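K.L.:
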Amino acid sequence: SQTIHQWPATLVQPVGSPLSLECTVEGTSNPNLYWYRQAAGRGLQLLFYSVGIGQISSEVPQNLSASRPQDRQFILSSKKLLLSDSGFYLCAWEPRADTQYFGPGTRLTVL
Amino acid sequence: SQQGEEDPQALSIQEGENATMNCSYKTSINNLQWYRQNSGRGLVHLILIRSNEREKHSGRLRVTLDTSKKSSSLLITASRAADTASYFCVILTGANSKLTFGKGITLSVRP
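Going down the list, the protein sequences come from chains A and B.
337 is the number of the first residue of the first sequence in the working numbering; add one for each residue after it.
2 is the number of the first residue of the second sequence in the working numbering; add one for each residue after it.
#1: Would residue 410 (chain A) count as contacting chain B if we go by Cβ distances under 9 Å?
#2: List the residues of chain A that residue 46 (chain B) touches, going by C-beta distances under 9 Å, in chain order.
#3: How is the beta strand (DSSP E) around residue 56 (chain B) delimited, first residue to last?
#4: Got a sec: is the Cβ-Cβ distance from residue 428 (chain A) to anything in chain E below 9 Å?
#5: If you compare alpha carbons, which of A:389, A:414 and A:427 is closest to residue 405 (chain A)?
#6: Looking at the structure shown, is residue 66 (chain B) part of a helix, part of a strand, or coil, going by DSSP?
#7: Using a cut-off of 7 Å between C-beta atoms, extract the partners of residue 334 (chain A) located in chain B.
#8: Could you check where the beta strand (DSSP E) with residue 23 (chain B) kicks off and where it finishes?
#9: Can you confirm whether the segment 2 to 20 of chain B touches the segment 78 to 94 of chain B when touching is taken to mean that 3 or more C-beta pairs between the two stretches lie within less than 8 Å?
#10: Is the Cβ-Cβ distance between residue 344 (chain A) and residue 446 (chain A) less than 9 Å?
#11: Measuring only the C-alpha atoms, how far is residue 35 (chain B) from residue 43 (chain B)?
#12: So is residue 393 (chain A) buried or exposed if we call it buried at 16+ other beta carbons inside 10 Å?
So, in structure tokens, the structure goes:
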């Protein structure tokens, strides 16, 4: 069966510090992968998606970036965090073009 | 907007009662999906209904779709405290369209 992992589960970082969140999927190959952010009391905002290694599409311009160095690994990064980057970050994978399965999420607090 | 809009924003019921949550949209769709998110967790896919379907069941869940009214309802029968969560309606407008999540409905089931 397929499993999706995210780490860390929680993170507290100062403004201006770098960020690296990791997502890995097991039990499948060449999945579509997604990064979402959920701010408090709001819906999910699609940040990036990837249909293959090295293929990244950005939905929202901001100080975040994403990379896919391996087929089942998706990384969300920032060089300098802003207060507004605080939120709940969710990674999802898509076995077919209509259903997504989500990881447990990373709670990021920027102070 | 290619996004489902959920109604009500919040719903509080007694355990054992039925919970009805609604979703409206403005475009033609390929399918409509409902997801659940327990507090601080990732989203879980509940059910998908295609545009040519009118009703679908999964356990205690019943989803209806009225494409003429561009609306859907999610009914949870005999609710339990464990059903307490946020519920999101997601529409898919085309084969390559991305899932767009709204703010969701916060359901509280009182024991």
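All C-beta atoms in this analysis are idealised placements derived from N, C-alpha and C, irrespective of residue type, glycine included.
Here the structure is a predicted model, which means the values were calculated and not measured.
P.N.:
With the structure as the only source:
#1: Output row for residue 410 (chain A): interface = no.
#2: Going along chain A in sequence order, the residues near residue 46 (chain B) (Cβ under 9 Å) are 435, 436, 437 and 438.
#3: Per DSSP, the unbroken beta strand (DSSP E) holding residue 56 (chain B) starts and ends at 56 to 59.
#4: The structure shown has no chain E; the protein chains it does contain are A and B.
#5: Relative to residue 405 (chain A), the option among A:389, A:414 and A:427 whose CA is nearest is A:389.
#6: It is a strand residue.
#7: This structure cannot settle anything about residue 334 (chain A), because the visible part of chain A is limited to 337 through 447.
#8: Per DSSP, residue 23 (chain B) is one residue of the beta strand (DSSP E) stretching across 20 to 25.
#9: At 8 Å Cβ cutoff, the stretches touch.
#10: With contacts defined by Cβ atoms closer than 9 Å, residue 344 (chain A) and residue 446 (chain A) do not form a contacting pair.
#11: In this structure, the CA atom of residue 35 (chain B) is about 14 Å from the CA atom of residue 43 (chain B).
#12: That one is exposed.
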